[in-house]
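Okay, so here's the structure we're looking at.
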Amino acid sequence: MTDETTANIFRVILGTMTFGLEKTRTETSLVRVRGVDNIAPFSITFHAHGHIEVDTARLYDNGDTETLLSLLSTAHFKISTKFYPFAPGSHNKEKLPKQFRDSLAALKAEKVNILYLHAPDKSVPFKETSKVVDDLLQGGPLWARK
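2 is the number of the first residue of the sequence shown in this note's numbering; add one for each residue after it.
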């Protein structure tokens, strides 16, 4: 198990891109590990070794990876998520907050540790995207800070 000093210097973050629900067809996705029973040992072992950061994304398994994480015991984890601009306008003032609400709902969470913009949305001025993120931060529980 890591101590606090080591944890502050060397962080290991569990990526969940290949985790999916039991129903996920592995031949049509990046998912390689399916179902709570198969994924729980990863999170239990990860936490047993003192690690608490988990990375996911709204796009992983069409949002089902976030749903899967909500089915695991994750209260002791800091979960971060990402938004990828699938279509022009994904990072505008209407769509970005909706993506954020959808992520929180799927995760059954009130907050995330880090919100990543997975790639730029070149159709939206970055100033607008930055304002949207700032509004999310100011108006709600974006960060899992104590």
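Note that the Cβ used here is the ideal one computed from N, Cα and C, for glycine as well.
Subject >> Span of the alpha helix (DSSP H) around F84 >> reply: Indexing the sequence shown from 1 puts residue 84 at position 83. Unbroken run through F84 is the beta strand (DSSP E), K79 to F84; no alpha helix (DSSP H).
Original post:
Nearest-angstrom Cα distance between P121 and L69?
Top reply: What you label residue 121 is simply residue 120 of the sequence shown in a count that begins at 1. What you label residue 69 is simply residue 68 of the sequence shown in a count that begins at 1. When rounded, the distance between both Cα atoms is 27 angstroms.
**OP:** Kindly indicate which residue of T75, D136 and F127 has the alpha-carbon position closest to the one of P98.
**Re:** Position 97 of the sequence shown, counted from the first residue, corresponds to residue 98. Nearest of T75, D136 and F127 to P98, Cα basis: D136.
Original post:
How many whole angstroms separate the CB atoms of V125 and H92, which I take to be in contact at a CB cut-off of 8 angstroms?
Top reply: In the sequence shown, the residue the question calls residue 125 occupies position 124. In the sequence shown, the residue the question calls residue 92 occupies position 91. Yes, V125 and H92 are in contact; Cβ-Cβ is about 5 angstroms, under 8 angstroms.
Original post:
By Cβ distance below 7 angstroms, which residues in the same chain neighbour D65 in space, the five residues on each side in sequence not counted?
Top reply: Here residue 65 is taken as the residue at index 64 of the sequence shown, counted from 1. Cβ contact annotation for D65 (same chain, cutoff 7 angstroms, sequence separation greater than five): G21, L22 and T25, in chain order.
Original post:
With burial defined as no fewer than 16 other Cβ atoms inside 10 Å of the residue's Cβ, what is the status of A41: buried or exposed?
Top reply: Translated into the one-based positions of the sequence shown, residue 41 becomes position 40. Only exposed fits A41, as fewer than 16 other CB atoms lie within 10 angstroms of its CB.
Original post:
Can T17 and T46 be called in contact, C-beta distance under 8 angstroms?
Top reply: Within the sequence shown, the letter at position 16 stands for residue 17. Within the sequence shown, the letter at position 45 stands for residue 46. No, the pair does not count as a contact, with Cβ atoms beyond the cut-off.
Subject >> DSSP state of D56 mapped onto helix, strand, coil >> reply: Position 55 of the sequence shown holds residue 56. Residue state, collapsed to three classes: strand.
Subject >> Range covered by the alpha helix (DSSP H) that runs through I40 >> reply: Locating residue 40 in the sequence shown gives position 39, counting from the first residue. Run containing I40: V37 to A49, per the alpha helix (DSSP H) assignment.
Original post:
Are there 16 or more other CB atoms within 10 angstroms of the CB of D38, so buried, or fewer, so exposed?
Top reply: The count along the sequence shown starts at 1 and reaches residue 38 at position 37. Under this definition D38 is an exposed residue.
**OP:** With DSSP as the reference, label R146 as helix, strand or coil.
**Re:** Residue 146 sits at position 145 when you count from the first residue of the sequence shown. Bear in mind that the predicted position of R146 carries a pLDDT of just 42, short of 50, making it too unreliable to give a figure here.
Subject >> Opposing strand residues paired with L105 [DSSP bridges] >> reply: For the purposes of this step, residue 105 is taken as the residue at position 104 of the sequence shown. According to DSSP, which records beta bridges pairwise, L105 is partnered with nothing at all.
Original post:
Which residue or residues does DSSP assign as beta-bridge partners of G16?
Top reply: As a first step, residue 16 must be located in the sequence shown, where it is residue number 15. For G16, which the question treats as bridged, DSSP gives the partners D56.
Original post:
What are the partner residues of Y117, as DSSP defines its beta bridges?
Top reply: Mapped onto the sequence shown, residue 117 falls at position 116. Secondary-structure assignment with DSSP links Y117 through a beta bridge to K83.
**OP:** For V34, write down the residues that DSSP places opposite it in a beta bridge.
**Re:** For the purposes of this step, residue 34 is taken as residue 33 along the sequence shown, with counting starting at 1. According to DSSP, V34 bridges with F20.
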